[in-house]
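Protein chains in written order, with the working numbering: chain X, 7 to 366; chain Z, 7 to 366; chain E, 7 to 366; chain B, 7 to 366. From the three backbone atoms N, C-alpha and C, an ideal C-beta is built for every residue, glycine too. Bear in mind that the values here come from a model prediction, so they are computed numbers and not experimental data. Worksheet: the structure to be examined is printed underneath.
Number of protein chains: 4
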Amino acid sequence: MVIVMAPTCTAADIDTIADAAIEAGCEVSVSRGESRTIIGLTGDVAQFTTLDLRGMPGVADVVRVTAPYRLVSRDHHLRRSTVSVAGVPIGPGTVTLIAGPCAVETPDQTLQAARMAAAAGATLLRGGAYKPRTSPYAFQGLGEAGLRILADVREQTGLPVVTEVVDASDVALVASYADMLQVGTRNAQNFALLQAVGAAGKPVMLKRGMNATIEEWLMAAEYIAQRGNLDVVLCERGIRTFETATRNTLDVSAVPLAQRLSHLPVIVDPSHSGGHRDLVLPLTRAAIAAGADGVIIDVHPRPDQALCDGPQALVDGDLDELARVMRVFPPLVGRSRARGPIAFGELVTLEDGRVGSGIR
Amino acid sequence: MVIVMAPTCTAADIDTIADAAIEAGCEVSVSRGESRTIIGLTGDVAQFTTLDLRGMPGVADVVRVTAPYRLVSRDHHLRRSTVSVAGVPIGPGTVTLIAGPCAVETPDQTLQAARMAAAAGATLLRGGAYKPRTSPYAFQGLGEAGLRILADVREQTGLPVVTEVVDASDVALVASYADMLQVGTRNAQNFALLQAVGAAGKPVMLKRGMNATIEEWLMAAEYIAQRGNLDVVLCERGIRTFETATRNTLDVSAVPLAQRLSHLPVIVDPSHSGGHRDLVLPLTRAAIAAGADGVIIDVHPRPDQALCDGPQALVDGDLDELARVMRVFPPLVGRSRARGPIAFGELVTLEDGRVGSGIR
Amino acid sequence: MVIVMAPTCTAADIDTIADAAIEAGCEVSVSRGESRTIIGLTGDVAQFTTLDLRGMPGVADVVRVTAPYRLVSRDHHLRRSTVSVAGVPIGPGTVTLIAGPCAVETPDQTLQAARMAAAAGATLLRGGAYKPRTSPYAFQGLGEAGLRILADVREQTGLPVVTEVVDASDVALVASYADMLQVGTRNAQNFALLQAVGAAGKPVMLKRGMNATIEEWLMAAEYIAQRGNLDVVLCERGIRTFETATRNTLDVSAVPLAQRLSHLPVIVDPSHSGGHRDLVLPLTRAAIAAGADGVIIDVHPRPDQALCDGPQALVDGDLDELARVMRVFPPLVGRSRARGPIAFGELVTLEDGRVGSGIR
Amino acid sequence: MVIVMAPTCTAADIDTIADAAIEAGCEVSVSRGESRTIIGLTGDVAQFTTLDLRGMPGVADVVRVTAPYRLVSRDHHLRRSTVSVAGVPIGPGTVTLIAGPCAVETPDQTLQAARMAAAAGATLLRGGAYKPRTSPYAFQGLGEAGLRILADVREQTGLPVVTEVVDASDVALVASYADMLQVGTRNAQNFALLQAVGAAGKPVMLKRGMNATIEEWLMAAEYIAQRGNLDVVLCERGIRTFETATRNTLDVSAVPLAQRLSHLPVIVDPSHSGGHRDLVLPLTRAAIAAGADGVIIDVHPRPDQALCDGPQALVDGDLDELARVMRVFPPLVGRSRARGPIAFGELVTLEDGRVGSGIR
């Protein structure tokens, strides 16, 4: 940490700060220039947080030069991590496809979507039973009934389940059904929820807040890690910008950046960032090409009847291309497509037999 | 709602949409132009939300032309509302000052800050017992012990208490101590929390999400209102932009805009938006001049020792000017300063006698 | 300037940097911590710009701790400046009202708008002869014919003229008619234009780029100042954010901030930031209350027939309130309203006699 | 265009609007609902721009439903265009690599950079002789001397030259040396410059303004097209957002979106968006995977001595991977790498023989 003193600061101001820092356990070095004095502090994150230096007399600016996170930092864990979700790896050697319906609506819709997902190469099933919606008048999800549907479909397809939890008090219930807990963009700084999923004993997919800097996103992950859970997968899903042609702006640069700053796997949600079906495949290709450890994609058997986010769900006709992308792009970036923990060859035939050949 | 059809749409596409809209209870009118067909729907918010028109064949764009909220809309409640917090009004006739420490740290610090607040003209006390912090290593608040301190200080000063709740499961506890519940910017789309405060039977101050449009902010208020609680005060506290010279960018235009769209009172937090002590008074003046129904301000007896947001807290030396602003600006915009529910004349003398004369 | 070295840097890396900095004339001090080495440089702006330290081996980050501008900096000129526009002051003692039509359309419209402006207390006339428009199909201004109209109206009303120049090759022509040259938001980083107005010998009003940080805005002013022209007035006019309810988001905090960083006067354009007539008066009040040295406002005798930005122009019915604001707010912030260089008492009676009493 | 009337509008208000629209040549259809009346207008862009409907009585909102551009729109030109730069194609069948130094510094540096570029597969040479810099104290480019160096290097390498022009008065000069004129992000709404390059008879690369919506970017292209020049290549180079970990946020979604809205080719600048060398290759892969028609990349033989943007320039060690990317990614998206107009086999051997094999 670097403290830049105001031109008007006194020698006593400098001493006060140096003393406080030394007392907190930091090493201190003072650079007196003609116009500016700069105080350098080195030491540990936890020491700095006890110091509120900005409020002290004579301080012009405080510049943090080390990351404010520790457990999720790559400085502390040089090799990139692989998170295992019921045996399915998400990490640097593979590209994992997670797919399924945005919202669980009926057993049939969910099963059909799961089969579409598997046909395209998915090894994990996504599906929401609790839906955070901007409007209180919109469909809010089936709740526990939705979780039961997901569990049934898992049994039928062998696909482990990733599902969102929106309130700390629901974590135990959702964790009893899910293989991986998802924290959504609107809860990315719901610290009570982050701590609860940190204690739930299940892998967590943490979406980036749509207004979160990469650093804040990693701080949110640190909240989960601090409760003893390092099985966290970061998910870039677009940030809010002035551009309104897309629902959010996919920050594809965040993939290599977050991977350099943190050892955690980083995946991409091309469905929610763009908000248009036409963008999903180009953004999927871009995500894998940029080095993403996986992608999470909405698929729906009848998007025009979807209760949530129909316009962005892939349909049958898109699945061949998705399967091709999952087959040809990972090798170009030195990876294999993630295989599921079980053989699911028999799943890939849809009822109408049209898709499914892609992944052989 | 207006549906813009693609140039390539068919007559059947148009019919399908018109039929669906009529079935949902909307009035439909179709404008066929040479290049474009436009379908106008009129009817109620709730009807539209059951239609997912964007996913239907032939649709190029869907443009909403009525507000997606109802209970908080000024269309449905032409006169602007006044919310009463333990007898203190927040509304169009007054400018209410809410002040106090960012975080409750000790009984003494809280009492001193409350006295500073009262001296400057505050009629409500703010103070955080639960603090949502970006870093898990930062001070997270005293919890229920902090609530007890606030209740004690209320007894000593007569100032009703505004305090934040961060998790739905804490709402009953916090409501048992507080006169007004605050929902913070990071929880502005924590829908479980919004619904819980909606059912708690206490007035709510809803901070704008730092990435929320004005419409999304009003939708969050609608979540609270929908549970039967219309005692909601909106609080503009800055939005996230590319500018880094301030912590957030105070969107002062949001004050008149939100007041035109909603009947709810709108106040401003000049402390958290700017993040610098020097900005608090200019932004306070700007907020009142723009028509805010109140302001909420951090004060601290010893900001250099504050455990949270010290750099933005006003100190003793600022209070005379704050008191002057509260006295001279409200009449210029046709308002009086909000008076507390009780006489608090004896509170305004600080121990050192320096401030307090301002509000006579 | 502070250079943060990577944990993996070598002693040779540190020496290389120190040597380069010393050679450039900087003072260097090295703080070696256990985990991080920090190199502090002190010296002059011009020295730093010759060093491209970020690209050097072993460097993790470079943090600038002094402002990159000099001539416009308040560090180099402690007292805030007053700029005189044909005798009308813009600066810390006054609040100057600049008003007029967005675009010059006809002699009559311009004269009527100028009379409205004067009636509300304006001492400078704005009006565009060259209009930068997003669409090539929109009205682009009258060019030199518009400048002649402005000169005629100046003669009839005594109001000095502020008008925009959009291309470096037009500067001499526009300067031959105008009393103050305006550089618009879209040209805020058109460096050829900035240099040309810097050499034109007339005061300049520099609008903030809608995507410019405060620092970049001051750097643009530095371009003008570097050509020998320190008569620059900064104009905050809203920045681009995710919020679409307003045309741009007025960054009212930029007023006190820019005044702290620079000695130049800072005014506000409440018309173009909000984009709605209803917002102009609240934002004008907010600007003056926040400490602006002036405001620039669109007025139009017939906004429904305006060729440019009609929806935001004030009309006759708003002028009484504008005049009242100009009369009662400046004294509250320790200022007087700027008086024009001439008596213009006879101008304040509009044809219908309704307004004009306000400014006596 | 759709006009949404306020609930309080009168029948006369509706008639006034309908009459004005009919007079302007639009077709009009009025949908009277119980709560809202909606007026649909169909017709041509040029007709709408003469109407300033927002300012008319009774109007609540005006919603444009057709694009405000015409010549660059894909509606008017269904097949995507290929732009030829001295025989090198940029368009839907190829992926064109444009590379070279950010700024031309010396003949030697430029030639070396050009050879690096060619070795990696570039068929066009970039290099700046006029540099728009935020600071007036930074290197501003060599001007015409730089153009001469570029022309010499073109002669030695056969690579056509792409170079920036920053002022309308320089267009003729720059066009006399360049094969393609570049308009930079800071000049993306410098309409005088856009019109000048539109008349210069050379292909133009138009960078997206860092604060420009996709629509505004296309409107800027329309300015060029309107002067008779349809040889415009759009270049996405990152937008300004709240994220500061990257210089700008590459909006990779803009590639497929702009290609859907416009027939013009769309390329990506991965160097300036990210601002870090480490991001250039991942973003290059992402751009090609998303469907970009080309990429423009900074290379420099000695980035630590570069006078401009050294930290983002690729160095020798990166070129093998760039060459590999240019070889293996285009076929995956159904394209070939653009070949230059001449054989340049002998160029690919750098002096030290390390790179160059990649592109065979």
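Item, Value
"Since Ile44 of chain E meets chain X, which of its residues come closer than 7 Å, beta carbon to beta carbon?", "Val8, Gly46, Val71"
"Excluding five sequence neighbours on each side, which residues of the same chain lie with their C-beta closer than 7 Å to the C-beta of Gly351 of chain E?", "Legend: pLDDT at Gly351 of chain E = 39, less than 50; position of this residue unreliable, no value from coordinates given."
"Indicate whether the contact test is met: 3 or more Cβ pairs, each with one atom in the region 189-199 of chain E and one in the region 145-165 of chain E, closer than 8 Å.", "no"
"At 8 Å on the CB atoms, spell out the chain E contacts of Gly222 of chain B, in chain order.", "A small fix is needed here, since residue 222 of chain B is Glu in this sequence, not Gly. Residues of chain E passing the Cβ test: Thr140."
"Could you tell me whether the region 57-72 of chain B touches the region 313-329 of chain E, using the rule of 3 or more Cβ pairs below 8 Å?", "yes"
"Comparing the C-beta of Met11 of chain B with each C-beta of chain X, is any distance below 8 Å?", "no"
"By the criterion of Cβ-Cβ separation under 9 Å, what are the contact partners of Arg132 of chain E in chain B?", "Neighbours of Arg132 of chain E on chain B: none; closest Cβ ~19 Å, over 9 Å."
"What's the C-alpha gap between Cys32 of chain E and Gly300 of chain X?", "48 Å"
"Between Pro13 of chain B and Glu29 of chain B, what straight-line distance do the alpha-carbon atoms span, to the nearest angstrom?", "25 Å"
"What are the uninterrupted segments assigned as alpha helix (DSSP H) that are 4 or more residues long and contained completely in the region 152-218 of chain Z, given in chain order?", "177-183, 197-204"
"When DSSP labels each residue in this structure, what does Ser141 of chain X get in the three-state scheme?", "coil"
"Measuring alpha carbon to alpha carbon, tell me which of X:Thr16, X:Ala73, X:Asp25, X:Val110 ends up nearest Met7 of chain X.", "X:Ala73"
"So, is Thr285 of chain Z buried or exposed, given that buried needs 16 or more other C-beta atoms within 10 angstroms?", "Residue 285 of chain Z is actually Leu in this sequence, not Thr. Counting Cβ neighbours within 10 Å, Leu285 of chain Z comes out buried, since at least 16 surround it."
"Going by DSSP, what residue range makes up the alpha helix (DSSP H) through Ser279 of chain X?", "276-280"
"Beta strand (DSSP E) containing Thr43 of chain E: first to last residue?", "43-48"
"Please classify Leu356 of chain B: does DSSP put it in a helix, a strand, or coil?", "In this prediction, Leu356 of chain B scores a pLDDT of 38, lower than 50, which makes its location untrustworthy; the coordinate-derived value is nonetheless stated afterwards. Reduced to three states, the DSSP call for Leu356 of chain B is coil."
"Could you tell me which chain E residues have their CB closer than 7 Å to the CB of Asp67 of chain X, listed as they occur along the chain?", "Val71"
"Of the choices Z:Asp25, Z:Thr140, Z:Thr43, whose alpha-carbon is the least far from that of Thr16 of chain Z?", "Z:Thr43"
"What do you reckon, are the CB atoms on Ala325 of chain Z and Ala125 of chain Z nearer than 8 Å?", "Note on identity: in this sequence residue 325 of chain Z is Leu, with Ala being the wrong assignment. In this structure, Ala125 of chain Z lies closer than 8 Å to Leu325 of chain Z by Cβ."
"Would you tell me roughly how many angstroms separate the C-alpha atoms of Asp304 of chain E and Ala18 of chain B, rounded to the nearest one?", "28 Å"
"Using C-beta distances below 7 Å, list every residue in its chain close to Gln265 of chain X, excluding the 5 sequence neighbours before and after it, in chain order.", "Arg86, Val272, Gly297"
"Rounded to a whole number of angstroms, what is the C-alpha to C-alpha distance between Gly280 of chain Z and Ser259 of chain E?", "7 Å"
"Are the CB atoms of Ala120 of chain B and Gly106 of chain B nearer to each other than 8 Å?", "yes"
"Relative to the C-alpha of Glu327 of chain X, which residue among B:Val339, B:Ala329, B:Ile302, B:Pro307 is closest?", "B:Val339"
"Find the residues of chain Z that neighbour Asp14 of chain B, judging by a C-beta separation of less than 8 Å, and give them in chain order.", "Asp is not the amino acid found at residue 14 of chain B; the sequence shown has Thr there. Chain Z residues near Thr14 of chain B: none, gap ~11 Å exceeds 8 Å."
"Any contact between the region 244-263 of chain Z and the region 246-257 of chain E? By contact I mean 3 or more CB pairs, one from each, below 8 Å.", "yes"
"Would you say Val354 of chain B lies against chain Z (beta-carbon separation less than 8 Å)?", "Residue confidence for Val354 of chain B is low, a pLDDT of 38 falling below 50, so the modelled location carries little weight and cannot support an answer."
"Beta-carbon separation of Ala24 of chain X and Ile45 of chain X under 8 Å?", "yes"
"Could you list the residues in the region 230-247 of chain X with a C-beta less than 8 Å from some C-beta on chain E, going in chain order?", "Arg246, Thr247"
"When we look at the beta-carbon of Gly234 of chain E and count the other beta-carbons within 10 Å, is it buried (16 or more) or exposed?", "exposed"
"Taking only the alpha-carbon atoms, compute the straight-line gap between Asp310 of chain X and Tyr136 of chain E and give it to the nearest angstrom.", "49 Å"
"Considering Cα atoms alone, identify which of Z:Asp81, Z:Thr102, Z:Ala227 is closest to Val168 of chain Z.", "Z:Thr102"
"Rounded to whole angstroms, how far is the Cβ of Ser175 of chain B from the Cβ of Ser175 of chain E, which I believe are closer than 8 Å?", "5 Å"
"Would you mind telling me which residues of chain Z sit closer than 8 Å to Thr219 of chain E, beta carbon to beta carbon, in chain order?", "Phe248, Glu249, Thr250, Ala251"
"Can you pull the chain E residues whose beta carbon is under 8 Å from the beta carbon of Arg266 of chain Z, in chain order?", "Asp284"
"Do we get a CB-CB distance below 8 Å when we pair Gly127 of chain E with the residues of chain Z?", "no"
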